[in-house]
Amino acid sequence: MKKFLIASGVAVLAFATVAAAATFNNNLTVGSRGADVVALQAALKAAGFSIPAIDSGAAQPGYFGTQTQAAVKLYQASRVPPIPNTGFVGPLTRGALNGGGSAMASNCATGWTSASYMGTSYCVPPGMQLPAGSQTVTPPVSTGPFVMDGTDGSLTLSTNSYVSSTQTLKKGDVNKPILALTGHATNGNVHVTRFDVHFNARPWLLFSRLTLKNPVTGQVLATKNLSTFADVTEVTVGSDYLVRFDNVNSVATAGTDTTYVVYADVQAASDKITGQTVTVSIDGNAIRTINGKGYTDSIGLTTISNSIVLSQTGSTGDLLTRVGLTTPDTRTDNISTTNVTENINLGVFDVKLQNQGGVLNTINFQVNVSTTSYAGVHTAFWASNVFQNFRLYRGSELLAGAYSVSGTAAVPVNPATVVFTNMNIKVNQDEWVPLTLKADALASSTAISASSTIVASSVVGSDNNYATVTLTNASNRTANNVTLVPNAGVTLTSHGFTKRTPSQFNTSAQWLTSYPTYTFTINNTGNNPIYISKTASVALATSTSAGPNASTTVSADTITASGSTSGDTSTSYIINASRTFTVDMTTDNTNFAQSSKKISVTQINYGTAGGSGTDNTLNINYGLESDYINLP
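Sequence positions in the sequence shown follow the working numbering and run 4 to 635.
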């Protein structure tokens, strides 16, 4: 039934007041914090301007962010005359908030009267008498995004398949949809201001929070925290409990459907959850609306009554692991021959908990070390006498130093196990958390290759239900290798293929042979020179992937280097700082077929001493994933 809100026996429509609860003496802008910002946000919300993060409870008042700035801009634009809507709260905006300056822009429909009565602003329809003692004001308070445009819109409701009519939820489940319906506005836009939900059991004993959302847009329309019986209305003792979302601010646009979904957070540790079935529903007056003429209506849908089985068993947090998205590529790091080299990155590992968030307390890593021939010397090395001071980081935050490392210099173990315990790593549900393993490398005159692995079975933690996290989907993950080279560091830049056009390309033999060229630049960031062999097949490792009719033969013919030749030997090029190399290749296609062949460079080899061109036992195989060419 359509009706007006009644005040003093006269039909009027009430709007939020603009009166600020505080006096604003200081300018405010993005980044401002404190009591002035809290008061500003309260005044904006009272005037009908939404700040979603605060409305939903996702953020606390007191920080001037982009959402508060957007609300300020809307407030500034709504004034008559408008204040420049910069989002900056300066003298003009402070004056308006303090009760001076321009008034709010009118949202009253054509023919309606603006009025103020007992400190509250109203829009009064034609023919209605104003309350005694009222003062006509133009314009009245704005309602925010909903405009009284004079249209006589209405909202009809229907069931929605977004939520199953029967489902099982577990202790600790968060943000689970329990009820959905569709609203369709006709003849004009309709503003939904209230939404009621009914339960057949005491909801505050079962759920910690309910949230009303539009899942299509992601907009949070309202939230309701359930802490005690005071948050709920007991309609019928023991069988009907009402949860009301007040101050809903949702506009259903004429001619379109709007989806409304109620989400629930299940109590994580309630002894009242015993496997029982709970029903959630709405009644015939569950939703309060206002249309463009100011008419209000209470509508509902009694055909929705969903069953929720609340499992006594909690939904246990389950660990997932992966090599971190920010882990370094396979690489070469420079170490000292006389001093400790600090902060060697041994890998980044991402961990995540699904089903629930929780806390991780213990994680083990394996660190494996292998020696690389350096200046003709082969020496056995172990993680326990190559590294010291293992540390675990979350971003720049130091989480822990290793409590123990298996193996010693006297009794080496390879791989060594690095154990981190007594930690308190907070992991939110479905959020990947990057963990970086670092260590200090001891002085060495021998090149050493190291890799690290997260040991999934070693992880110990508890979820938000205080249950031990499960490791069903967690696996050991190994990060990319790092090669530690004494007084030598290497980076690779400007690498890739081009095609050459041979002289015989205009003959019938054009498909018989292809001539790609590969170019790359090596930068020496260490203290000692490094060398690349003058034999192309030694300097590069290549692979081919042929089409169904193509041959697979490829040869690296020649390698040339730019820059000074001083220091070159008869068998190798020297790199003191930076040098660019060009490798000309030949590939055959003797089957005379116009099919593709993929040529890839998989490794670049170099040496660090002697300059003989025969010690190319160090290699670069990172960053080469895209180094291929399709031929012919």
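C-beta: ideal position from N, C-alpha, C; glycine also.
| Query | Result |
| --- | --- |
| Look up His201 in the DSSP assignment and give the residues it is bridged to. | Leu245 and Ser284 |
| CA-CA distance, Ile623 and Pro331? | 13 Å |
| CA-CA distance, Thr590 and Ser478? | 41 Å |
| With distances taken from CA atoms, which of Gly360, Gly464, Ala74 and Val200 is nearest Ala56? | Ala74 |
| In chain order, what residues of the same chain have a beta carbon less than 7 Å from the beta carbon of Thr341, not counting five sequence neighbours either side? | Ala446 |
| Find the nearest neighbour of Ala99 within the set Asn526, Ala38, Ala25 and Gly156, judged by alpha-carbon distance. | Ala25 |
| Beta carbon of Leu208, beta carbon of Lys275: below 8 Å? | yes |
| Alpha helix (DSSP H) containing Ile276: first to last residue? | That residue, Ile276, is in no alpha helix (DSSP H); it is neither H nor E in DSSP. |
| Going by beta carbon distance, what residues of the same chain come within less than 6 Å of Val2, once the five residues before and after it are set aside? | Here the chain has residues from 4 to 635 only, and residue 2 is not among them. |
| Report yes or no: do the stretch 253 to 267 and the stretch 191 to 201 share at least 3 C-beta pairs separated by less than 8 Å? | yes |
| Which class does Gly320 belong to by DSSP, given the choice of helix, strand or coil? | coil |
| With DSSP collapsed to three states, give me the class of Gly98. | helix |
| Any idea what DSSP makes of Gln70, helix, strand or coil? | helix |
| Rank Leu328, Ala470, Thr316 and Tyr406 by C-alpha distance to the C-alpha of Pro437 and give the top, closest one. | Leu328 |
| Does the stretch 163 to 174 come into contact with the stretch 230 to 245, if we say contact requires no fewer than three beta-carbon pairs (one atom in each stretch) closer than 8 Å? | no |
| Beta-carbon separation of Asp199 and Arg247 under 8 Å? | yes |
| Out of Asn468, Asn28 and Ser407, which has the shortest C-alpha to C-alpha gap to Leu395? | Ser407 |
| Can you tell which of Ala289, Ser567, Gly570 and Thr239 has its C-alpha closest to the C-alpha of Arg205? | Thr239 |
| Taking Lys227 as the reference, give the member of Ala46, Pro489 and Gly60 with the closest Cα. | Gly60 |
| For Ser567, count the other beta carbons within 10 Å of its own beta carbon; 16 or more makes it buried, fewer makes it exposed. Which is it? | exposed |
| Using the C-alpha atoms, what's the distance from Phe584 back to Asp630? | 15 Å |
| Tell me which residue opens and which closes the alpha helix (DSSP H) that Gln44 is part of. | Ala38 to Ala49 |
| Assuming Ala482 and Gly350 are in contact, meaning their beta carbons sit under 8 Å apart, how far apart are those beta carbons, in whole angstroms? | 3 Å |
| Along the chain, where does the alpha helix (DSSP H) containing Ile54 start, and where does it finish? | Looking at the DSSP string, Ile54 is not in any alpha helix (DSSP H), and its letter there is neither H nor E. |
| Start and end of the alpha helix (DSSP H) containing Ser540? | Ala539 to Ala542 |
| Can you pull the DSSP bridge partners for Val436? | Val354 |
| With distances taken Cα to Cα, identify the nearest neighbour of Leu543 among Pro532, Ile562 and Asn526. | Ile562 |
| What does DSSP give as the partner residues of Lys216 in its beta bridges? | Val223 and Val264 |
| According to DSSP, is Tyr78 part of a helix, a strand, or is it coil? | helix |
| In whole angstroms, what is the alpha-carbon distance linking Ser452 and Gly464? | 32 Å |
| Looking at C-alpha atoms only, which residue of Asp353, Ser167 and Asn309 is the closest neighbour of Thr324? | Asp353 |
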